[in-house]
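Participant: Once you've had a glance at the structure underneath, I'll fire off some questions.
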Amino acid sequence: MCDELKRLARDIRVATLKSLTQLGFGHYGGSMSVVETLAVLYGDVMRIDPADPDWPQRDYFVLSKGHAGPALYSTLAIKGYFPMEELATLNQNGTRLPSHPDRLKTRGVDATTGSLGQGISIAAGMALSHKLASRPNRVFCIVGDGELNEGQCWEAFQFIAHHKLNNLLVYIDWNKQQLDGELNDIIAPFDLAEKFHAFGFDVQTVKGDDIAAIQAVTRPVRSGDERPRIVILDSVKGQGVPYLESLSNTHHLRLNDEMREALNESIRQLEAAYD
């Protein structure tokens with residue numbers, strides 16, 4: 184299974200790079216840093232039915248850091264929610280794939296996100312609804328580390344802990360950069376794990392590209408433990424693409440010819456990895 188998920192992650196990464204590079208601009212860094220987590224969720228953990236995106240028994244996914252939408256779209260296309268060819272329409276007039284996810288436009292998107300801090304609140308509401316109705320649905324949410332600058336996030340975390348929403352699993356994409364620069368230079372997060380422990384969460388930290396570790400902290404549904412879980416993903420912007428990892432900040436790039444050629448070479452290398 185781990186090899187299958189590595190291949191799925193490779194396919195998501197390649198499809199995302201292709202759609203962004205064809206467009207010529209976009210959120211490269213934060214899309215790459217969540218690829219392995221998306222592969223685990225959609226390739227192994229979540230109960231989904233691409234033929235019936237509104238299946239009532241499905242698990243729900245909220246991409247609170249909505250700027251990573253291109254990676255989510257690639258995942259959904261690979262899983263069969265819509266044709267792969269549609270990825271070429273990313274962020275163009277008339278597209279069903281806007282720069283940030285919109286549940287009214289895109290099959291398989293459970294929540295409209297992009298205004299940072301709001302997705303985690305939506306996920307909390309979903310989880311409470313399922314818990315009150317004694318439904319088995321799980322909710323998964325990815326939050327950006329820069330997004331934690333928003334006070335609304337901490338109100339949501341307090342709500343989640345208070346209501347013991349252990350049917351919700353939250354990932355923090357700790358890639359240590361945001362639009363304006365290094366995370367520690369903007370607003371330092373200090374000790375994230377200790378913060379979440381103080382709120383009453385079960386906190387786990389794993390490498391953001393370690394598929395086996397992400398599986399291990401994602402799959403178990405614990406009986407008798409009412410604590411909601413936070414998984415801190417120790418990741419890097421541009422994860423899995425050495426060229427992007429080498430740049431000073433890849434939150435959003437507008438490509439010149441040199442960058443485009445470097446990214447096309449990265450795509451060729453990734454495509455050859457499992458051939």
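Numbering of the sequence shown is given in this note's numbering, commencing with residue 184 and proceeding in unit increments. Note that CB positions come from ideal geometry on N, CA and C, so glycine has one too.
1) According to the neighbour-count rule (16 or more other Cβ atoms, all chains shown, within 10 Å of its Cβ), is K288 buried or exposed?
2) Where does R241 fall in DSSP's three states?
3) Considering only C-alpha positions, which residue in the set T199, G291, V218 is nearest to D232?
4) The alpha helix (DSSP H) that contains K378, what's its start and end?
5) Quick one: Cα of F340 to Cα of F382, how far?
6) If you reduce the DSSP assignment to three classes, tell me which class G407 lands in.
7) Buried or exposed, going by whether 16 or more other CB atoms sit within 10 Å of the CB of Y256?
8) Quick check for students: name the residue ranges of the alpha helix (DSSP H) that lie wholly in the region 276-323, counting only runs of 4 or more.
9) Is N358 near P411, with beta carbons less than 8 Å apart?
10) Are the CB atoms of S418 and S216 within a distance shorter than 8 Å?
11) To the nearest angstrom, how far is the alpha carbon of L362 from that of I305?
12) In the DSSP assignment, find the beta strand (DSSP E) that holds R412 and state where it starts and stops.
13) I'd like the span of the alpha helix (DSSP H) that includes L427, first residue to last.
14) From this set, S298, V389, I413, L224, which residue's C-alpha is nearest Q335's C-alpha?
15) For F379 and D385, I'd like the C-alpha separation in whole angstroms.
16) Should the region 239-259 be regarded as contacting the region 316-323, the criterion being three or more beta carbon pairs within less than 8 Å?
17) In the DSSP assignment, what are the bridge partners of D356?
18) Roughly how many angstroms lie between the CA atoms of V218 and H345, to the nearest whole one?
Facilitator: On the basis of the coordinates in this document:
1) As a first step, residue 288 is located in the sequence shown; it is residue number 105 there, counting from the start. When all chains shown are included, K288 counts as exposed.
2) The sequence position of residue 241 within the sequence shown is 58, counting from 1. Coil, per DSSP.
3) Translated into positions along the sequence shown, residue 232 becomes position 49. Cα-wise, what sits closest to D232 is G291.
4) Numbered from its first residue, the sequence shown carries residue 378 at position 195. First-last of the alpha helix (DSSP H) with K378: 375-382.
5) One-based indexing of the sequence shown puts residue 340 at position 157. One-based indexing of the sequence shown puts residue 382 at position 199. The straight-line gap separating the alpha-carbon atoms of F340 and F382 is approximately 7 Å.
6) The count along the sequence shown starts at 1 and reaches residue 407 at position 224. Reduced to three states, the DSSP call for G407 is coil.
7) Along the sequence shown, read from residue 1 onward, the residue named residue 256 stands at position 73. With 16 or more other Cβ atoms within 10 Å, it is buried.
8) Complete alpha helix (DSSP H) runs here, min 4: 301-315.
9) Start at 1 with the first residue of the sequence shown, and residue 358 comes out as number 175. Start at 1 with the first residue of the sequence shown, and residue 411 comes out as number 228. Not in contact: N358 and P411 (Cβ atoms no closer than 8 Å).
10) As a first step, residue 216 is located in the sequence shown; it is residue number 33 there, counting from the start. As a first step, residue 418 is located in the sequence shown; it is residue number 235 there, counting from the start. Their beta carbons are under 8 Å apart, which means S216 touches S418 by this criterion.
11) One-based indexing of the sequence shown puts residue 362 at position 179. One-based indexing of the sequence shown puts residue 305 at position 122. Put simply, the backbone Cα of L362 is about 23 Å away from that of I305.
12) Here the question's residue 412 lines up with position 229 in the sequence shown. Taken as a continuous stretch (DSSP letters only), the beta strand (DSSP E) holding R412 covers 412-417.
13) Translated into positions along the sequence shown, residue 427 becomes position 244. Where L427 is concerned, the enclosing alpha helix (DSSP H) stretches over 425-429.
14) Taking the sequence shown and counting its residues from 1, one reaches residue 335 at position 152. Among S298, V389, I413, L224, the Cα nearest to that of Q335 belongs to S298.
15) Counting from 1 along the sequence shown, the entry for residue 379 is found at position 196. Counting from 1 along the sequence shown, the entry for residue 385 is found at position 202. Cα to Cα, F379 sits roughly 8 Å from D385.
16) yes
17) Mapped onto the sequence shown, residue 356 falls at position 173. BP columns for D356 point to G327, L416.
18) Reading the sequence shown from its first residue, position 35 is the one you call residue 218. Reading the sequence shown from its first residue, position 162 is the one you call residue 345. Roughly 30 Å between the two C-alpha positions.
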